[in-house]
Amino acid sequence: MSTNPNRTGNSAVWLGAHVGLPALVVIGFLVGWHLAVRWSGSDLFPTPLEVFYGIVELARHGLLVKYIVASLFRVSWGFGCAVAVGIPLGLTLGWFRPAFLAINPMIQILRPISPIAWIPVAILWFGVKDSAPIFLIFLASVFPITVSAMAAVQNMQSVYIRAAQNFGLRGFRLFRRVIFPAALPQIITGVRIALGVAWLVVVAAEMIAVNSGLGYLIIDARNAGKRYDLVVAGMVLIGIIGLFLDLLVRRLEKFDEVRWGYGQQ
Amino acid sequence: MDNSERLIQVRDTWMSFPGKTPGQPIHVLENVNFDIRAGEFVCIVGPSGCGKSTLLNILGGFLKETRGVVRVEGELVAGPDPGRIFVFQENGVFPWLTVEQNAGFGLLSRSETERAERVKHYLQMVGLTGFEKAYPRELSGGMRQRVEIARALAAEARVLYMDEPFGALDFLTRLKMRNDLIRIWQAEHKTIIFVTHDIEEAVQLADRVLVMSRRPATVQAEVVVDLPRPRDLDASEYLATRDQIFSIMGMDAYGDEREVSLRAPALASEARGF
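The following block contains the structure:
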């Protein structure tokens, strides 16, 4: 678009560094993978091309979109509930010292328990419906969000609070106009980490006898006839969608209201 | 000074903080007494860590004195007050708001048009016209301090408490900010209490300088700076006033003597007669 040769030059360099280099690495990886399968003579493990055909096959059967939507649906609910619970809870614990003292130890005990350990409990409580994996995803993502919101309030520069009190702000107005915006950059970082964890857990969560989703695809393809092309196809899809989810949340960090919180970029 | 003139009245005020060991509190202020008239520009100077900021925080309502009477505008200070705005050393401008949103922060109860008018007026006064939509991270340190001053002025603060507001700025910016602050003060008739460790700054700005002693600090001396503004920094009266304050603090105005006195705190306590 630009006629300025210097600018065009710069954008070419930018494209090269941000698209060209990663693409080279991916291509190198695919070639290495292909050669490794060929040389080892494995007839179970698929080549990249076989994985690609596997994805095409899924698409033909209408399963590709169905499974992706099913997984995203569960993650949306589990993660959405975690945001709805974690942010207010974390802010409250960060602001009210007695609440922090009372509840934080309990959180620190629950936090290190892997969501996978909760699978039997989830089945017991929710059966084999969609609510079981949603519960597991919620558990996995609620703690990073709570802890980051809590730390954000506790580590806030006191000068903001003092300035706001000086202008007569109290209670909810103080919270809405100063505490929340001051904590927001760190909360977004917590949300980003939590979404990564939520997507990570979807596979384990879908091992519960649900019959759709990318996690289900992987387990089902292995159990019903050792279709490793479909197993790897599921893995690849999970990776690519995870990348897009992260890019999506990263856009939140670009808003002017929070950019101050991320250092000089 | 008769009673009606006393905007700020500090009587027999003491302040201690709990120390590392219980029963051994750290005494920061002892027996502080002074008055400030409405419209006065008073600087508080003293050695680093002597409790100047503590005193200002007590006036501002952010700290409660251990003992004594602190009366501002006729009432005992019970907490921060929107009519008396603190300008912070570490800069209290909100980074998530634009310059104009920051300047209008104290005007939320006003109508949109009135707020816009006042913000425009005071941003112009502090020289930030054209930066209304900028965010603080895009501004220099001096400009951020201007935003904070504009925010206080726009909110119709009658008193400004300034805690080393230019301390983090470079030399030339500091000089410019001092001149601008005097100009604004003369136009707006505010009362300003300005804490600094920089004696030259105090003599350039103030009607009156309160010199604090080392900790536990008290008001050691009160120096009236009866010089016309804008102040001639080469005038012998200016230099004499400056040197007078230096000598009260147990040092003189040249070069490394400052360092000598910093290394030998005993000097200052001797001067206080302890």
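Sequence order for the protein chains is Z and L. Take the first sequence: its position 185, counted from the start at 1, is 185 in this note's numbering, and no numbers get skipped. Take the second sequence: its position 156, counted from the start at 1, is 421 in this note's numbering, and no numbers get skipped. By construction, the Cβ of each residue, glycine as well, lies at the ideal position given by its N, Cα and C atoms. Predicted, not measured: the structure shown is a model, and the values here were computed from it.
Close to chain L, meaning a Cβ-Cβ distance shorter than 8 Å, are the following residues of the segment 234-264 of chain Z: D256, E257, V258, R259, W260, G261. Residue contact check for W361 of chain L against chain Z: a CB pair falls below 8 Å. The segment 422-493 of chain L is shown to contain whole alpha helix (DSSP H) runs of 4 or more residues at 436-453, 464-470, in chain order.
Along the segment 457-471 of chain L, none of the residues has a CB nearer than 7 Å to a CB of chain Z.
For P347 of chain L, the C-beta contacts it makes with chain Z under 8 Å involve N166, F167, G168, in order along the chain. Short of 7 Å from the beta carbon of V178 of chain Z, and not among the five residues preceding or following it, lie these beta carbons of its own chain, in chain order: Y160, I161, A164, L169. Any Cβ of chain Z closer than 8 Å to the Cβ of F351 of chain L would place that residue at the interface, and such an atom is present. Boundaries for F327 of chain L: no beta strand (DSSP E) harbours it, and the DSSP string shows neither H nor E there.
Only residues of its own chain outside the window of five on either side were considered, and among them G78, C81, A82 have a CB closer than 7 Å to the CB of F138 of chain Z, listed in chain order. By the rule that beta-carbons nearer than 8 Å mark a contact, R162 of chain Z touches chain L. By a beta-carbon distance limit of 8 Å, G86 of chain Z contacts T146 of chain Z. Their separation comes to about 4 Å. In this structure, the straight-line span from the alpha carbon of V424 of chain L to that of G348 of chain L is close to 7 Å.
Residues of chain L with a Cβ closer than 8 Å to the Cβ of V159 of chain Z are, in chain order, F353, E355, N356, G357. Under the three-state reduction of DSSP output, Q186 of chain Z falls in the helix class.
In chain order, R259, W260 make up the part of chain Z whose C-beta sits under 8 Å from the C-beta of R402 of chain L.
Taking 7 Å as the cut-off between beta carbons, the residues of the segment 406-429 of chain L near chain Z are A420, in sequence order.
Closer than 8 Å to the CB of G371 of chain L there is at least one CB belonging to chain Z. Closest in C-alpha terms to Y400 of chain L, from the list L:N367, L:E487, L:A381, L:K455, comes L:N367.
Close to F327 of chain L, with beta-carbon spacing below 7 Å, are these residues of chain Z in chain order: R162.
Selection L:V476, L:P495, L:A415 evaluated against V297 of chain L yields L:V476 as nearest (Cα-Cα). Remark: C-beta atoms of C315 of chain L and S478 of chain L approach each other more closely than 8 Å. A direct Cα-to-Cα measurement between G357 of chain L and E502 of chain L gives close to 36 Å. Interface flag for P181 of chain Z against chain L is set, since a Cβ pair is found closer than 8 Å.
The secondary-structure analysis by DSSP pairs T278 of chain L across a beta bridge with L:V297.
Of the residues assessed, T461 of chain L falls on the buried side of the cut-off, its CB having 16 or more other CB atoms within 10 angstroms. Within the same chain, no residue comes within 7 Å of F73 of chain Z by CB-CB distance, once the 5 residues on both sides are set aside. Distance from the CA of G515 of chain L to the CA of E355 of chain L, rounded to the nearest whole angstrom, comes to 29 Å.
For L328 of chain L, the CB contacts under 8 Å within the same chain, skipping 5 residues up- and downstream, are M280, T319, N322 in chain order. In this structure, the beta-carbon distance from Y387 of chain L to A415 of chain L falls below 8 Å. Taking the C-beta atoms as reference points, W199 of chain Z is found nearer than 8 Å to V75 of chain Z. With contacts defined by Cβ atoms closer than 8 Å, V275 of chain L and A471 of chain L do not form a contacting pair. In the DSSP annotation of this structure, the continuous segment of the beta strand (DSSP E) that includes F306 of chain L starts and ends at 306-310.
Judged by DSSP secondary structure, F100 of chain Z falls within the alpha helix (DSSP H) whose first and last residues are 97-110.
In this structure, the alpha-carbon of V468 of chain L lies about 28 Å from that of G339 of chain L. By the 16-neighbour rule on beta-carbons within 10 angstroms, P360 of chain L is buried.
Counting only the Cα atoms, Y53 of chain Z lies some 12 Å from R227 of chain Z.
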